[in-house]
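Peer 1: Once you've had a glance at the structure underneath, I'll fire off some questions.
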Amino acid sequence: MSEHYPVLLVVLPLLAAPICLLLRHGTASRILAVLVAWTCLAMALEVLNQVTSGENISYMLGGWAAPYGIEYRVDALNAYLLVIVSVIASVVLPFGETSSDLTVRTGSLYLYHAAFLLCFCGLMGIAVTGDLFNVFVFLEVSSLASYALIGLGKGRRALRAAFSYLVMGTIGGTFFLIGVGLLYQKTGTLNMADLAVRVRELTDAGVGLRSVIAAFAFLVTGVSIKLAVFPLHQWLPNAYTHAPAKVSAFLAATATKVSFYLLLRVLFGIFGAAFVFGTLRLHVLLVPLSILAMFSCSLAAIYQRDIKRMLAYSSIAQIGYMTLGLSTNTELGLTGSIAHLFNHALTKGGLFLVVACVAFRLQSTKLEDWSGIGRRMPWTMAAFVVGGLSLIGVPGTVGFVSKWYLVLGALDAEWLPVAILILFSSLLAVVYVWRVVEIAWFREPPDDVEIKDAPLSLLLPTWILIGGTVFFGLYTEITIEVARKAAGLLLGVAP
Amino acid sequence: MNAITEHGVYWLCIALMMTGLYIVISRDHLVKKIMGLNIFQVSVIMLYVTMAKISGGTAPILQAQGSESGEAVYSNPLPHVLMLTAIVVGVATTALGLALVVRIQLAYGTVEEDEIVRMDREDPE
Amino acid sequence: MTPDVLIALTLVAPLVGAIAVAIIGRKVDDADPASRPAANLRDGATVVASLVTFGLVLNILQLVQGGARPSLELLEVFHGVHLAFEVEPLGMLFALVAAGLWIPTSIYAFGYMRGHHEINQTRFFVCFAVAIFAALGIAFARNLFTLFLFYELLTFSTYPLVTHAGTEKAKRAGRVYLGVLVFTSVAFFLCAILLTAHYTGGDLEFTPGGILEGKVEGTPVFVLLALFSFGVGKAALMPFHRWLPNAMVAPTPVSALLHAVAVVKAGVFTVLKIVVYVFGIDFLQAGDYSVWLCWVAAFTLLASSMVALTKDNLKARLAYSTISQLSYIVLGAALATHHSILGGGMHIAMHAMGKITLFFCAGSIIVFAHKTHVSTMDGIGRRMPWTMGAFFLGSLCIIGLPPMGSSWSKWFLALGAAETGQWVFIAVLMLSSLLSIGYLMPIVGRAFFRPPKAWTDEDGKEHVAQTEYSEGSPLCTVPLCLTAAGCVALFVWGGALRDLLLPILETR
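Residue numbers (the numbering used here), protein chains in the order written: chain S, 1 to 495; chain Z, 1 to 125; chain E, 1 to 508.
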């Protein structure tokens, strides 16, 4: 059975989604969704175990051999990602009572769970597959589901945000498709491992380079739109702000991570570091954009009046860190980026869940409404402080671990100014995190409203993620070992 | 001359692609944006289908033994298959987009983006 | 018990105390007299925790004096970098100071907080205990990462203490506090640590003789030293000293322990430790890498003493005096000779004892005589003889006159300056002693030799010459007399301190 895990990770949520629709019952569908998520988590952990101790898994769908059939290929990098996505889904799905910012009647909750499971299926599919067109399919599946999920937010701006995201996301996906098509024309294969070999032949021979470079441009741009690389990030603030808080928690923690994984695969897996950084010199473009993302979005976050918007801009800045680590093209830098996939997922997921807890009691995510809640909701705000410390990158949290490797990576690449800029931008995070702390504790809470701390069903998932930021900030053995292995794999992929 | 006969189709694809993108960017009416997206997606479908056709190739149905001599040259069926999927994706996107437009019409009373932006800006929330 | 368990227990003791205080104090409302018994129980927990911690620290002292270096290794956090502890003499000294002075400070704090009718005392004592935990972590750290971890913990755990009052003024002071400390620690200190890791290939362990020799030379060493010196913002080198006077908005027990003892001493301890165990004294001497730092320290020394002369607010005056005294230790580190390092190390203890006495006195004056400004303190000596007597002894300690322990540390610092042939720094030391006479002795003089007079406070309210106040709670008076006596005791034990610190000068 365990050899089928790679495909079960996709099939299980895919089957569960229409079953939710057939069940037509809110609680039953929720229980099903939670069970599916937990099962997938167990399977993903088993797969990770297999890959780290043994060798990479190669699973042929329907028994058709690669490169003609669709191959599901799991190595350290995507096993890691599968675990990340499963963990977040497993924690967010059981998250408490229906938040009021989910505009679904309790009777129609099964629709929410169906969409969630589809999104989950799509993300797992992107992570596990080894076929480039299959990636496109799952990319669109997860994107469509996320447009629907975002549209479920409170207020009409959620609809507008979902629509804008739909337009931009579709353009991104279609660019990706063009890139795939061009590559297929030049190489005749869609299997990523096979593509690596054939593209390398082409670039080495210098033959047909124009098409290859065009394919590269389309692929990278398409993925960058999904990844919200500056300046293609315009859809993200609105989408995360107006989506229901726990949807934002899930998307912020997974969708961009999976897109980053895709970028890693495309750059290092298919085209190879030598071509990307040697011939095309992508880092000349990516580094300034990353730094711009880090600074401008951190600055923007400082001035936001809505907490979810602030966290959304913070996410774009964190994505800047990841792309910066990628651009260093060193093992340390890549380890930092890959570690940051996990670390940021924990941090942002936890922080958005905190917002969900507060919104549950206060019905508001506006910063000025949060006056004095530090005293009324101590456990919730304590979670915010710890998550905020992780965003800043205080030692003992996961944020510090990523930052450590990122700066060392920049130093390894002989980019001292970049290393200094990374450190300075984390200072900006202090400002916007501390703004919230001051408002929560230094102002008087409103007297008229009786506010209690969030219920346990909300606090527990939140603290699981936030506790994870501290636990994995110190016990880094597993996460860093896997990230290192993945980084080594990527850099070594140059046949 | 070659540029037109051999690559004319690609020029058409590019024209459609740019038209589609232009419509998405320039038109305020939300349904028109969706139409633009569709045109954009159609151009990509054309691109794939074009690359499938091989000059001198026949329909990709296995020839029975004993018919014409030699190996038969088949057109590539794979891109067509891929495009079936892409068409489905396009349909789903359009459906979802239109559903959102219906809800936006109900919520805002209009589907012109500039009006929507104006209404949102004036809304104190 | 084995050394590693001993270290673990010592570190955990303040944390357990914090948890105990938090649990017991949950139901305590400090404004309500009915919860007084529970409040007493809670405060008792703090005292017990402080006594237990100090007892454990003494146990470790026995081991270290015998030549052992007890260590504890917990986790490998980064490749080759562990969360690990090892006790060497310098760290031992700092731990003794922090843990030892926690006891009188706790007792003093009870008297102060009750006399001042403070609320949120539970949060206060919990954060206090966590801060001591952080200080011990810094003292025992085996490598730069562990030290940095606890250094940041100290910053964040003292923030609620600094902003305890919860007022707008406290909030703004907290911003400066956090802003300066986090800025320097992330932009400079962390940068320096990562650069060190980059140069040494991942080795961040504190090693006798330093780890940089042979790996780096020339300009990068200057840059590294600058990044470390300014990065350790808790050492209050100008221009990153603003946080210290700002932190005086905190209740005086906080100022006393943390900003006269734990926080600032953590800063200069870190500087000393880095100079001795990361750079290595011989390495610095060989390349003349730290001469510029001597000048920066000397400038801070004199400039802050002069500012202290102009301050009428007693706590502000003491704050600038602290900045000045911290630069003594930085100067000792920068001179990088055997005697100057010894002097700097000893001054950690000497200054701590003296300054804490002065702050205790200032706090008592604030709470029981309701005076904050020096110009209003005429004649308090008559009403609060014990307090002002202790103040006198503490002043002598800061000035550096025998029979106070700090005369030893000053002596060694001067010897160190002489060793390098830089006589100008001996002049600097002399000058600063004169300046400290200038800003401390008048207070004593006013207190004892002038009759009380009427005064106007900063709000313009008139006060008559007060004669109705007195010493106040013995919970406050006894600790400050004890620490004043400690200043004299350290003079007697000066030799023991020097013997404790001597081994740090050995290389390999």
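Idealized CB from N, CA, C, for every residue including glycine.
Roughly how many whole angstroms lie between the Cα atoms of E:A38 and E:D32?
Peer 2: Position 38 of the third sequence, counted from the start, is the residue given in the question as residue 38 of chain E. Position 32 of the third sequence, counted from the start, is the residue given in the question as residue 32 of chain E. Rounded to whole angstroms, E:A38 to E:D32 spans 11 Å at the Cα level.
Peer 1: Of the residues E:A192, E:M92 and E:L318, which one's Cα is nearest the Cα of S:A416?
Peer 2: Along the first sequence, read from residue 1 onward, the residue named residue 416 of chain S stands at position 416. Per the sequence shown, residue 416 of chain S should be read as Leu rather than Ala. Nearest of E:A192, E:M92 and E:L318 to S:L416, Cα basis: E:A192.
Peer 1: Determine the DSSP secondary structure at S:P495, reduced to helix, strand or coil.
Peer 2: Counting from one through the first sequence, the residue named residue 495 of chain S turns up at place 495. Caution applies to S:P495, whose pLDDT of 29 falls short of 50 and renders its modelled position unreliable; the model cannot decide the point.
Peer 1: Which value, in whole angstroms, describes the spacing of the CA atoms of Z:L78 and Z:T58?
Peer 2: Mapped onto the second sequence, residue 78 of chain Z falls at position 78. Mapped onto the second sequence, residue 58 of chain Z falls at position 58. So the alpha carbons of these two residues sit roughly 14 Å apart.
Peer 1: Any contact between the region 312-327 of chain S and the region 438-458 of chain S? By contact I mean 3 or more CB pairs, one from each, below 8 Å.
Peer 2: no
Peer 1: Just to confirm before moving on: does the CB-CB distance between E:T105 and E:V263 stay below 8 Å?
Peer 2: The residue you call residue 105 of chain E lines up with position 105 of the third sequence. The residue you call residue 263 of chain E lines up with position 263 of the third sequence. Their beta carbons are not under 8 Å apart, which means E:T105 does not touch E:V263 by this criterion.
Peer 1: Grab the span of the alpha helix (DSSP H) containing E:H370 for me, first residue to last.
Peer 2: Indexing the third sequence from 1 puts residue 370 of chain E at position 370. From DSSP, E:H370 is part of no alpha helix (DSSP H); its letter is neither H nor E.
Peer 1: Please decide whether E:C186 counts as near chain S, where near means a Cβ-Cβ distance under 8 Å.
Peer 2: Translated into the one-based positions of the third sequence, residue 186 of chain E becomes position 186. The identity of residue 186 of chain E in the sequence shown is Val, whereas the question assumes Cys. Yes - at least one Cβ of chain S is within 8 Å of the one on E:V186.
Peer 1: Which chain Z residues are close to S:Q185, counting only those with a beta carbon under 7 Å from its beta carbon?
Peer 2: Position 185 of the first sequence, counted from the first residue, corresponds to residue 185 of chain S. The contacting residues are M51.
Peer 1: Using 8 Å as the limit for Cβ to Cβ distance, is Z:G56 near chain S?
Peer 2: Along the second sequence, read from residue 1 onward, the residue named residue 56 of chain Z stands at position 56. Chain S, which has no Cβ nearer than 8 Å to the Cβ of Z:G56, makes this no.
Peer 1: If you reduce the DSSP assignment to three classes, tell me which class E:S290 lands in.
Peer 2: Within the third sequence, residue 290 of chain E is the residue found at index 290, counting from 1. Coil, per DSSP.
Peer 1: In whole angstroms, what is the alpha-carbon distance linking E:A8 and S:T469?
Peer 2: Here residue 8 of chain E refers to the residue found at position 8 of the third sequence. Here residue 469 of chain S refers to the residue found at position 469 of the first sequence. C-alpha separation (whole angstroms): 23 Å.
Peer 1: Which whole-angstrom value is the C-beta distance of S:L496 and S:Y405, which I expect to be below 8 Å?
Peer 2: With chain S covering only 1 through 495, there is no way to say anything about residue 496 of chain S.
Peer 1: Taking the alpha-carbon of Z:C13 as reference, which of Z:I39, Z:L106, Z:I34 and Z:K33 has the nearest alpha-carbon?
Peer 2: Your numbering for residue 13 of chain Z matches position 13 in the second sequence. When each option's Cα is compared against that of Z:C13, the closest is Z:I39.
Peer 1: For E:S71, report the span of its beta strand (DSSP E) as first-last.
Peer 2: The count along the third sequence starts at 1 and reaches residue 71 of chain E at position 71. E:S71 -> beta strand (DSSP E) spans S71 to F78.
Peer 1: Find the residues of chain S that neighbour E:C191, judging by a C-beta separation of less than 9 Å, and give them in chain order.
Peer 2: The residue given as residue 191 of chain E occupies position 191 in the third sequence. Those within 9 Å of E:C191 in chain S are V407, A419, I420 and L423.
Peer 1: Can you pull the chain Z neighbours of S:L177, defined as C-beta to C-beta under 7 Å?
Peer 2: Your numbering for residue 177 of chain S matches position 177 in the first sequence. Under the 7 Å cutoff, chain Z gives V44 and A86.
Peer 1: In terms of alpha-carbon separation, which member of S:G269, S:G320, S:I270 and S:F271 lies closest to S:S290?
Peer 2: Numbered from 1 along the first sequence, position 290 holds the residue referred to as residue 290 of chain S. Cα-wise, what sits closest to S:S290 is S:G320.
Peer 1: E:A369 and E:M388: beta carbons closer than 8 Å?
Peer 2: As a first step, residue 369 of chain E must be located in the third sequence, where it is residue number 369. As a first step, residue 388 of chain E must be located in the third sequence, where it is residue number 388. No, Cβ-Cβ distance for E:A369 and E:M388 is not below 8 Å.
Peer 1: Let me check understanding here. Comparing Cα to Cα, which of E:V275, E:L83 and E:V232 lies closest to E:E333?
Peer 2: Stepping through the third sequence from its first residue, residue 333 of chain E is reached at position 333. Rather than Glu, the amino acid found at residue 333 of chain E in this sequence is Ala. Ranking E:V275, E:L83 and E:V232 by Cα distance to E:A333 puts E:V275 first.
Peer 1: Could you tell me which residues DSSP pairs with S:D306 in its beta bridges?
Peer 2: Sequence index remark: in the first sequence, residue 306 of chain S carries index 306 (1-based). Bridge partners of S:D306: S:K366.
Peer 1: So for S:G69, helix, strand or coil by DSSP?
Peer 2: Here residue 69 of chain S corresponds to residue number 69 of the first sequence, with the count starting at 1. Under the three-state reduction of DSSP, S:G69 is assigned to coil, being neither helix nor strand.
Peer 1: Is any beta-carbon of chain Z found at less than 8 Å from that of S:A273?
Peer 2: The sequence position of residue 273 of chain S within the first sequence is 273, counting from 1. No, no contact with chain Z.
Peer 1: Quick check: the region 422-432 of chain S against the region 291-306 of chain S, are there 3 or more CB pairs under 8 Å?
Peer 2: yes
Peer 1: Let me know if Z:M17 comes out buried or exposed under the rule of 16 or more other beta-carbons within 10 Å of its beta-carbon.
Peer 2: If you number the second sequence from 1, residue 17 of chain Z lands on position 17. Z:M17 should be labelled buried.
Peer 1: Which two residues bound the contiguous beta strand (DSSP E) that contains S:I57?
Peer 2: In the first sequence, counting from the first residue as 1, residue 57 of chain S sits at position 57. I57 to M60 is the extent of the beta strand (DSSP E) around S:I57.
Peer 1: Just to confirm my understanding: we take S:Y313, look at its own chain, exclude 5 residues before and 5 after, and list those with CB closer than 7 Å. What are they?
Peer 2: As a position in the first sequence, residue 313 of chain S is number 313, starting the count at 1. The residues are P237, C297, A300, A301 and Q304.
Peer 1: Should E:Q121 be labelled buried (16 or more other beta-carbon atoms within 10 Å of its own) or exposed?
Peer 2: Here residue 121 of chain E corresponds to residue number 121 of the third sequence, with the count starting at 1. So E:Q121 counts as buried.
Peer 1: With 8 Å set as the bound, which would you pick, yes or no: does the beta-carbon of S:A162 sit closer than that to a beta-carbon of chain Z?
Peer 2: Within the first sequence, the letter at position 162 stands for residue 162 of chain S. Residue contact with chain Z for S:A162: present (Cβ-Cβ distance below 8 Å to some residue of chain Z).
Peer 1: Count Cβ pairs between the region 130-140 of chain S and the region 152-159 of chain S that sit closer than 8 Å; are there 3 or more?
Peer 2: no
Peer 1: Tell me, please, whether the region 336-352 of chain S touches the region 247-265 of chain S by the rule of three or more beta-carbon pairs shorter than 8 Å.
Peer 2: yes
Peer 1: Would Z:Y74 pass as an interface residue toward chain S - the criterion being a Cβ-Cβ separation below 8 Å?
Peer 2: For the purposes of this step, residue 74 of chain Z is taken as the residue at position 74 of the second sequence. Z:Y74 does not count as touching chain S.
Peer 1: Compare the C-beta of E:H198 against all C-beta atoms of chain S and say whether one is closer than 8 Å.
Peer 2: Translated into positions along the third sequence, residue 198 of chain E becomes position 198. Interface residue, yes.
Peer 1: Is S:G396 helix, strand or coil when you go by DSSP?
Peer 2: The residue you call residue 396 of chain S lines up with position 396 of the first sequence. Coil at S:G396, not helix or strand.
Peer 1: From E:E152, E:V52 and E:G363, pick the residue whose C-alpha is nearest to that of E:P251; which is it?
Peer 2: Along the third sequence, read from residue 1 onward, the residue named residue 251 of chain E stands at position 251. Checking every option, the nearest Cα to that of E:P251 belongs to E:G363.
Peer 1: Note the first and the last residue of the continuous alpha helix (DSSP H) segment covering E:H339.
Peer 2: Within the third sequence, numbered from 1, the residue matching residue 339 of chain E stands at position 339. That run of the alpha helix (DSSP H) goes H338 to S364.
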